[in-house]
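Report on the structure given below.
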Amino acid sequence: MTEVDRVKCACSDCVCVIPPAKAVERDGRLFCGDACANGHASGSGCGHVGCQCSKG
Ligand SMILES: [Zn+2]
Ligand SMILES: [Zn+2]
């Protein structure tokens with residue numbers, strides 16, 4: 089097993105784990121969505137259930 093089929097979002101506050109194929113790449117890092125990739129610039133979270141990456 090050399091393939092990683094799930095990666096954690098690079099956002100430090102984010103608990104999301106996503107398949108790399110569906111991740112948003114930004115600066116060589118993989119994020120679960122645009123909100124995380126943008127550093128939550130708009131203040132919104134990724135919107136995934138159970139994740140509070142927008143708070144804090
Ligand atoms: Zn998140
Ligand atoms: Zn995220």
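With the numbering used here, the residue at position 16 of the sequence shown is 104, and numbering never jumps.
Each residue gets a CB set at the ideal place from its N, CA and C atoms; glycine is no exception.
Since the model is a prediction, treat every value here as computed from it, not as a measurement.
In angstroms with no decimal places, state the Cα-to-Cα distance between residue i and residue j.
| i | j | result |
| --- | --- | --- |
| Phe119 | Ala111 | 5 Å |
| Asp93 | Val105 | 10 Å |
| Gly59 | Glu113 | Summary: the structure shown does not reach residue 59, with the chain confined to residues 89 through 144, and so no result is reported for it. |
| Gln140 | Asp101 | 7 Å |
Assuming the contact rule is C-beta atoms closer than 8 Å, residue i and residue j should be a hit. Round their C-beta distance to whole Å, please.
| i | j | result |
| --- | --- | --- |
| Gly127 | Ser142 | In fact, because the Cβ distance is near 11 Å, the residues do not count as touching under 8 Å. |
| Arg117 | Ala98 | 4 Å |
If you measure between the beta carbons of residue i and residue j, is that distance less than 8 Å?
| i | j | result |
| --- | --- | --- |
| Gly133 | Ala125 | no |
| Val95 | Gly138 | no |
Opposite residue i in the DSSP bridges: which residues?
| i | result |
| --- | --- |
| Val105 | Lys96 |
| Val137 | Answer by DSSP bridge pairing: none, since Val137 is not bridged. |
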